[in-house]
Amino acid sequence: MGRSFASDNNTPVHPKIMQAIIEANKEDFVSYGDDPYTRRAEELLRHHFGAEAHPFLVFTGTAANVLGLSAVLSPYHAVIAPATSHINVDECGALENITGSKLLTVPTTDGKLTPSQAAPFLHALGVEHHAQPRVISITQPTELGTVYSQAEIKELAVFAHDNGLYLHMDGARLANAAAFLHTSLKDITADAGVDILSFGGTKNGMMFGESVILFSKKAASSFKYIRKQGMQLGSKMRYLAAQFIAYLNDHLWLKNAEHANTMARILAEKAALLPGAEIFQPVETNGVFLRLPHKAIKPLQEKSFFYVWDEEAGEVRWMTSYDTTEKDIDEFIAEARAVLQEIHEGH
Ligand SMILES: Cc1ncc(COP(=O)(O)O)c(C=O)c1O
1018 MGRSFASDNN TPVHPKIMQA IIEANKEDFV SYGDDPYTRR AEELLRHHFG
1068 AEAHPFLVFT GTAANVLGLS AVLSPYHAVI APATSHINVD ECGALENITG
1118 SKLLTVPTTD GKLTPSQAAP FLHALGVEHH AQPRVISITQ PTELGTVYSQ
1168 AEIKELAVFA HDNGLYLHMD GARLANAAAF LHTSLKDITA DAGVDILSFG
1218 GTKNGMMFGE SVILFSKKAA SSFKYIRKQG MQLGSKMRYL AAQFIAYLND
1268 HLWLKNAEHA NTMARILAEK AALLPGAEIF QPVETNGVFL RLPHKAIKPL
1318 QEKSFFYVWD EEAGEVRWMT SYDTTEKDID EFIAEARAVL QEIHEGH
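Sequential numbering of the sequence shown, starting at 1018, is according to the working numbering.
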């Protein structure tokens, strides 16, 4: 396939993660998380997210979102989320199917939700005809690569809590947001008032590895049953845990995310000079969102595959990852320039 700018999911596993899996593969250990690897991974997660964090390892980001949210949802509840959210667009209705709750979606320009956009939904509170708003769900960084500041998250958390709601954060790429803000993982989660977090690793160098982190002891007390019933209690948990240990040790999570973000900035600088290309979102993490002439998209995808974000608008997403190199970028930009120039000259 060659180097892909389609998704950070397309990368190989980081060598340090692979090594950690190999090293965990030497002898028998008790299954279902009652092993030293899982205990160490949970300890490290508490180190990064604070003593109030209750971590649970799971296999996929969709499971982390749906199971984390189901800790506080009943079928008569609703979740307020940006229309672009992964739970709304890319999880095949899993949240609605598993929890029976309704998603209330908000159109945004940059993927970020504000309290004033969520406020109109709260008129439903206490009215039996309406699904009851229970959670505000945000993604950090957003699906459009933009980042909430700690202050923006805090404002949403205060707003949610003042109205009896929880704040959920989809942090499938949380490392990239922390790298952009030059801050800790705790600063933009526990310290900002997040109640339920999905913290991912797959997109930043792991083979498979996501987690649900609950910041309430009460919600955490029954979550082990939710995870098992949700089919995410891994029998060979140690292989998930070994990855998290390598990921959280020695700042691997941060180094990988910083590199991916830097590569996106370089990609964006070069893409901005392409004829007919227009970047339409600030490049804050590892995604570059741009408009291209419709006619250019297919021929360029045939050279290097990437995803179309909005077919009608000609919007595409180019994504970098922990192992993107400047050489990859130069080759990709050269391909794009050739295709765009040909179209520009009317061939
Ligand atoms: C923002 C976000 N959340 C959650 C997920 C879900 O991850 P998975 O595909 O592992 O279910 C993704 C995957 O692309 C994502 O981009």
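We put the CB at the ideal spot given by N, CA and C, even for glycine.
So the beta strand (DSSP E) M1254 belongs to, where does it begin and stop?
Per DSSP, M1254 belongs to no beta strand (DSSP E); it is in the alpha helix (DSSP H), M1254 to L1265.
Alpha carbon to alpha carbon, how far is K1234 from A1258?
Answer to the nearest angstrom: the Cα atoms are 22 Å apart.
Given 7 Å as the limit, tell me if G1078 has its C-beta closer than that to any heavy atom belonging to ligand 1.
Yes, the beta carbon of G1078 sits closer than 7 Å to at least one heavy atom of ligand 1.
CB of R1151 within 8 Å of CB of H1094, strictly:
It is a contact, given that the beta carbons lie within the stated cut-off.
Would you check if there are 3 or more beta carbon pairs closer than 8 Å linking the segment 1309-1322 to the segment 1169-1188?
The segment 1309-1322, when compared against the segment 1169-1188, does not touch it at the 8 Å Cβ threshold.
Output yes or no for whether 8 Å exceeds the beta carbon distance between G1188 and G1304.
In this structure, G1304 does not lie closer than 8 Å to G1188 by Cβ.
Could you tell me which residues DSSP puts in a beta bridge with D1204?
Partner(s): none; D1204 has no beta bridge.
Would the C-beta of A1196 count as close to ligand 1, meaning under 7 Å from any of its heavy atoms?
Outside the cutoff, so no.
Using a Cβ distance threshold of 8 Å, determine whether the segment 1256-1276 contacts the segment 1180-1198, with at least three qualifying pairs required.
Yes: at least three Cβ pairs fall under 8 Å.
If contacts are defined as beta-carbon pairs under 8 Å, then L1184 and G1210 qualify, I think. What distance do you get, rounded to the angstrom?
Confirmed, about 6 Å.
Can you name the residues that DSSP bridges to I978?
Residue numbering for the chain in the displayed model covers 1018 to 1364; residue 978 lies beyond these limits and cannot be assessed.
For the 8 Å Cβ check, are there 3 or more pairs between the segment 1072-1082 and the segment 1092-1108?
With contact defined as three or more Cβ pairs closer than 8 Å, the segment 1072-1082 and the segment 1092-1108 are in contact.
Using DSSP with H/G/I as helix, E/B as strand and the rest coil, what is R1308?
Correct three-state label for R1308: strand.
Could you say if the segment 1314-1322 and the segment 1196-1205 meet the contact criterion of at least three C-beta pairs nearer than 8 Å?
Too few Cβ pairs lie closer than 8 Å, so no.
To which residues does DSSP link F1297 through a beta bridge?
DSSP output for F1297 lists no bridge partner at all.
Give the straight-line distance between the Cα atoms of D1051 and E1059, rounded to the nearest whole angstrom.
Between D1051 and E1059, the alpha-carbon positions lie close to 11 Å from each other.
Please tell me whether M1224 and I1038 are closer than 8 Å, where the distance is taken between their beta carbons.
Taking 8 Å as the Cβ cut-off, M1224 and I1038 qualify as a contacting pair.
Return yes when the C-beta of T1125 is under 7 Å from any heavy atom of ligand 1, and no when it is not.
Answer for T1125: no, Cβ out of range of ligand 1.
Need the endpoints of the alpha helix (DSSP H) that G1085 sits in, please.
Counting along the chain, the unbroken alpha helix (DSSP H) around G1085 starts and ends at G1078 to S1087.
Compute the minimum distance between the beta carbon of E1348 and the heavy atoms of ligand 1, and state whether it is under 7 Å.
Look at E1348: its beta carbon is at least 7 Å from all of the heavy atoms in ligand 1.
In this structure, what does DSSP give as the bridge partners for Y1183?
Under DSSP, Y1183 takes part in a beta bridge, and its partners are V1152.
Mind checking whether the beta-carbon of A1098 lies closer than 7 Å to any heavy atom of ligand 1?
Not so, every heavy atom of ligand 1 lies at least 7 Å from the Cβ.
Assigned secondary structure, P1072 (DSSP; H/G/I helix, E/B strand, else coil):
In the three-state scheme derived from DSSP, where H, G and I count as helix and E and B as strand, P1072 is classed as strand.
Please name the residue or residues paired with W1335 in a DSSP beta bridge.
In DSSP, W1335 forms a bridge with V1305.
Restricting to Cα atoms, I'd like to know which of S1154, S1338 and T1077 is closest to N1221.
In this structure, S1338 is the residue among S1154, S1338 and T1077 with its C-alpha nearest to the C-alpha of N1221.
According to DSSP, is V1164 part of a helix, a strand, or is it coil?
DSSP places V1164 in the coil class of the three-state scheme, outside both helix and strand.
Please report the straight-line C-alpha distance between I1155 and A1135, rounded to a whole angstrom.
Spanning the two alpha carbons is a distance of roughly 11 Å.
Going straight from the alpha carbon of A1195 to that of L1357, what length do you get?
Rounded to the nearest angstrom, the two C-alpha atoms are 35 Å apart.
What's the C-alpha gap between T1279 and M1336?
T1279 and M1336 have their C-alpha atoms spaced approximately 12 Å apart.
Start and end residues, beta strand (DSSP E) containing E1227:
Residues E1227 to L1231.
Taking the alpha carbon of A1148 as the reference point, which residue from P1092, Q1249, V1300 and P1053 has its own alpha carbon closest?
Answer by Cα proximity: P1092.
Taking 7 Å as the line, does the beta carbon of E1160 fall inside it for any heavy atom of ligand 1?
The answer is yes for E1160.
With distances taken between CB atoms, is the gap from R1090 to F1261 smaller than 8 Å?
At residue 1090 the sequence reads Leu, which differs from the Arg that was named. No, the pair does not count as a contact, with Cβ atoms beyond the cut-off.
Spatial neighbours of M1186 within its chain, please: CB distance less than 6 Å, with the 5 preceding and 5 following residues excluded, ordered by chain position.
Closer than 6 Å at Cβ, skipping near neighbours: I1155, Q1157, V1211 and L1214.
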